[in-house]
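Residue numbers (the working numbering): 3 to 90.
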């Protein structure tokens, strides 16, 4: 296995809307910062949701969603398995 020597950072605006939330606008303007860096045996992917605060209504939903995404869907996809679809 060859380890690629690279480091990348991607900054994007968060704009997902969940219809049943009372104030989905609270996360508009927050930023998703994706960082990809090499580690000893693989690559490390880090996501920072800048502007997401614990007192926001969407905080619980976002934390659970990112956990599911990294723990299941992205991991499966990167390992050659089908990615899990988004579910409610």
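Where is the CB? At the ideal position from N, CA and C, for every residue including glycine.
The structure displayed is predicted, hence computed values, not measured ones.
Item	Value
Between residue 65 and the rest of its own chain, which residues show a CB-CB distance below 7 Å, the 5 nearest in sequence each way excluded?	none
Apart from the five residues on each side of it in sequence, which residues of its chain come closer than 6 Å, Cβ to Cβ, to residue 75?	85, 86
Do you know how far the Cα of residue 30 is from the Cα of residue 62?	16 Å
Residue 59 and residue 28 look like a contact to me (Cβ under 8 Å); what is the Cβ gap, rounded to whole Å?	6 Å
Between the C-alpha atoms of residue 81 and residue 47, what's the straight-line distance to the nearest angstrom?	14 Å
First and last residue of the beta strand (DSSP E) that includes residue 80?	Careful: residue 80 lies outside any beta strand (DSSP E), inside the alpha helix (DSSP H) at 77 to 80.
Count the other CB atoms within 10 Å of the CB of residue 56; is the residue buried (16 or more) or exposed (fewer)?	exposed
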